Each structure stands twice: as structure tokens, then as C-alpha cells.
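With the working numbering as the guide, the letters of the sequence shown map in order to residues 2 to 264.
Below: the structure, in C-alpha cells.
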Amino acid sequence: MFRFPVLRRPRMMTLALCLMSAVCFPAPSSAEAQGAPLRVGVENDYPPFSFPDENGRQSGFDPAVAKALCQAMESPCEILPLPFEELLNAMREGKLDLIIAGLGVNEERRAYMDFSESYYHSRTIYIGLPGIQASPDWMKDKRLGAQSGTLQAVIAERLWKDTTEIVLFRDYDEMLDALCAGRLDLVISDGLPGYEFLRETRGAAFIMQETELPLNDEINDAHIGVRQGAHELLKAVNQGIRDIKLNGEYDRAARRYFPFSIH
Numbered sequence: 002m003f004r005f006p007v008l009r010r011p012r013m014m015t016l017a018l019c020l021m022s023a024v025c026f027p028a029p030s031s032a033e034a035q036g037a038p039l040r041v042g043v044e045n046d047y048p049p050f051s052f053p054d055e056n057g058r059q060s061g062f063d064p065a066v067a068k069a070l071c072q073a074m075e076s077p078c079e080i081l082p083l084p085f086e087e088l089l090n091a092m093r094e095g096k097l098d099l100i101i102a103g104l105g106v107n108e109e110r111r112a113y114m115d116f117s118e119s120y121y122h123s124r125t126i127y128i129g130l131p132g133i134q135a136s137p138d139w140m141k142d143k144r145l146g147a148q149s150g151t152l153q154a155v156i157a158e159r160l161w162k163d164t165t166e167i168v169l170f171r172d173y174d175e176m177l178d179a180l181c182a183g184r185l186d187l188v189i190s191d192g193l194p195g196y197e198f199l200r201e202t203r204g205a206a207f208i209m210q211e212t213e214l215p216l217n218d219e220i221n222d223a224h225i226g227v228r229q230g231a232h233e234l235l236k237a238v239n240q241g242i243r244d245i246k247l248n249g250e251y252d253r254a255a256r257r258y259f260p261f262s263i264h
């Protein structure tokens, strides 16, 4: 398996630019007759899962899964890249049909969306300079970064709110910039984009430490968010996940961005 591509992370696009760069995938005429394309939200700048390439087109594992899934379901789809919290808000407001962004499940999210079967597995990790210790004594008076709206932010609040200053960031890359600049002592991150950062030149000085979550903790399973109450769509998504794993499209996308199995 080859190494991760080293990806340059441009600053966050505006919503208007994101929408201008949305990707539409064609489908058979029978699918087109079913109505408007599915509105599929992905995170705007979260390598290697989703990021704009040199031509401004949204690339990464999640857009590749979205394309394969929509083709398997024989449905046209429109990819809408948004910051993570805006993805959740858009689903809450009925502006999206699917979110393909490695969602963990909690009761707050269940209140406004349904969830597919798992489509990959990851772990939550801490990233900091050598010597980091996710222990009460070491964490006292430290500055811990987390991305707003993520379950990692929920974990940070649950475990460290009385010990550590928790600093929330709207954008994942902005959080990493703060870590590199010494404005944070450590960050809490999903493991897969965290590994990508550690393989970059700017991440070479840092190390990781896994959280003490059990291996079967639900946050380790990544799901697709589905418009609440769209039962037929949910069934189609689950069947589509199985189909793209059987036809090889899932593995082709995974091998392009990860040097190890993620499922």
C-alpha cells in the first residue's frame, strides 16, 4: 500500500464558493425521472476525507464514496462541501438528504437525522508534542483543542471541562495551525485525519496517544447521516454500502487515500 498523499490544506472556502464547486454525478435516465438529485453534504476541508483539489473540485474518500454510492443507488446526486457544524445545521434545517462525513451517533443527532450502517472504523486520539499524557495531573491548566460540533468535542467536554481549557475551532486545519504555533498543548481528533497530519512535514514533531475509549464504543464507527424519516432512502443507502463493498468501488477509494484497512 502506498503512502498518504501529502495534501496542502487551503484556507476555508466561503459557502458561496463551496456551492459553486459542487459536483453533480450523472445517473441513468430512470433515476433522473425520480426527481431532484440527492443533496449530499461532505466536509469542505478535511484531508484525506474531503478537500478541494487544485482545480477546485471536491476530492477525497468521502466524495468518492458518495459518487460510488449514488451510482449504486442509480440516483443523481449533488455534492455540497460545508464546514462540519454547517453540515449538521443544514441537515437539521432539511437542506440535505445525506451527510457523508464519518458521523458518530449520539442522541442529539438522532433527534434530527437517521444513520446508516457503519462505512468505516476509526479511533479518537490526542496529538501533541512528545511527553503528552491524557491524565488529570498532566492535563491541569493545559489548552486542549477540539473541532466544534464533533463527538471529539463532546468527549473533551465530558472528560476535561473541570481540568483543562477547551478551545473549540470551526475548522480542523485552523485547530492544527494553533497546535503548530504553540497556542495549544494538544488536540483531540479522529484518528484517520490525525494520522494524515502526523505524516506531514509540519506534523513530524508531534506524537499521538489514544483515548481510553473501549474498542466497541459507538464513536469508533462512522455512519452516513440520512434525512430523518426517509425510510426508503435509508434502506437504499445501506444496500448501496453493501453493493460498493462487493463491486470493489469501496476498496478502490480506500486504497487511494489510506495505506491500511479502515473497515
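All residues carry an ideal CB built from backbone N, CA and C; glycine is no exception.
Since we're looking at a predicted model, the values are computed, not measured.
- With respect to the 8 Å criterion, Val188 and Leu99 are not classified as neighbours on the basis of their beta carbons.
- Distance from the CA of Gly146 to the CA of Arg200, rounded to the nearest whole angstrom, comes to 19 Å.
- Per DSSP, Gly241 lies in no beta strand (DSSP E) segment; the continuous alpha helix (DSSP H) that holds it begins and ends at 232-247.
- Per DSSP, the continuous beta strand (DSSP E) segment holding Asp115 begins and ends at 114-122.
- Here Ala69 is buried. Its C-beta has 16 or more other C-beta atoms within 10 Å.
- Three or more beta-carbon pairs separated by less than 8 Å link the region 145-160 to the region 168-178, which places the two stretches in contact.
- A Cβ-Cβ distance of about 4 Å is found for the pair Ala73 and Gly241, placing them in contact under the 8 Å criterion.
- Note that the C-beta distance between Met176 and Trp161 is not below 8 Å.
- In the structure shown, Glu79 adopts extended strand secondary structure according to DSSP, grouped into three states.
- Taken atom to atom, the span from the alpha-carbon of Asp54 to that of Ser60 is near 6 Å.
- When DSSP states are grouped into helix, strand and coil, Asp191 belongs to the strand group.
- For the options Glu166, Gln229, Ala223, Asp178, the alpha carbon positioned closest to that of Gly204 is the one of Asp178.
- Residue range 222-228 is occupied by the beta strand (DSSP E) that includes Asp222.
- Shown here for Ala65: same chain residues with a beta carbon closer than 6 Å to its own, the five before and five after excluded, namely Ala254 in chain order.
- Rounded to whole angstroms, the Cβ separation of His122 and Asp244 is 19 Å, and the two are not in contact under 8 Å.
- Taken atom to atom, the span from the alpha-carbon of Arg257 to that of Arg58 is near 17 Å.
- Proximity of the region 119-135 to the region 73-93 falls short of the contact definition, fewer than three beta-carbon pairs being nearer than 8 Å.
- The beta carbon of Leu180 sits closer than 8 Å to the beta carbons of Ile128, Gly129, Gly146, Leu187, Val188, Phe207 from its chain, once the five residues preceding and following it are set aside; these are given in chain order.
- With a beta-carbon spacing of about 6 Å, Phe50 and Pro194 fall inside the 8 Å limit used to define contacts.
- In this structure, Ser119 lies near His224, with their beta-carbon atoms less than 8 Å apart.
- Sequence-distant Cβ neighbours of Gly192 in its own chain, meaning closer than 7 Å and more than five residues away, are Ser123, Arg124, Thr125, Ile126.
- Under the DSSP assignment, Arg93 falls in the alpha helix (DSSP H) whose first and last residues are 85-93.
- Beta-bridge partners assigned by DSSP to Tyr127: Ile189, Gln210.
- With fewer than 16 neighbouring CB atoms inside 10 Å of its own CB, Ala37 falls in the exposed class.
- With 16 or more other Cβ atoms inside 10 Å of its own Cβ, Thr165 counts as buried.
- Counting other Cβ atoms within 10 Å of its Cβ, Ala112 stays below 16 and is therefore classed as exposed.
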